[in-house]
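> This is the structure, below, for whatever I ask next.
Right, here's the structure in full:
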């Protein structure tokens, strides 16, 4: 029996976490897969946060406690509905390229500004 791809990524991410390569991780998976991941995270004393996406998907964030606590405050709605600032912080915490995050932020801010101008 083969493991679902997300579980393979999870094992690699746990390795990176324990080696200190990254501080925060995000995986999207089924609720069933999330139950197995949750058990493993608890067994290894790794902090996590699970966000329901739909009936068939959840986002599992895991990593350093301060990062997870920050995520609990920032990720209060679906990821596509985050403010540009929340999106920027999330991407930065996940270790995405800083310049790309800045460019993404500026693009989102411009889109929000354009929408506000078109309303008036």
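Residue numbers (the UniProt record's numbering): 1 to 120.
Backbone N, C-alpha and C fix where the C-beta goes; we use that ideal spot for every residue, glycine too.
(1) According to DSSP, which residues form a beta bridge with residue 29?
(2) Run through the DSSP bridge pairs and tell me what residue 52 is partnered with.
(3) Compare the Cα-Cα distances from residue 53 to each of 21, 17, 27 and 86 and report the closest residue.
(4) Can you give me the start and stop residues for the alpha helix (DSSP H) that residue 98 sits inside?
(5) Between the C-alpha atoms of residue 71 and residue 42, what's the straight-line distance to the nearest angstrom?
(6) Rounded to whole angstroms, what is the Cα-Cα separation between residue 105 and residue 56?
(7) What residue does the alpha helix (DSSP H) around residue 72 start on, and which one ends it?
(8) DSSP three-state call for residue 24: helix, strand or coil?
Quick answer:
(1) 58, per the DSSP bridge assignment.
(2) 58.
(3) Closest option to residue 53, Cα to Cα, is 27.
(4) 98-119 is the extent of the alpha helix (DSSP H) around residue 98.
(5) Distance between residue 71 and residue 42, taken at the CA atoms: about 18 angstroms.
(6) Straight-line Cα distance between these residues: approximately 29 angstroms.
(7) For residue 72, the enclosing alpha helix (DSSP H) covers residues 65-74.
(8) Here residue 24 sits in strand by DSSP.
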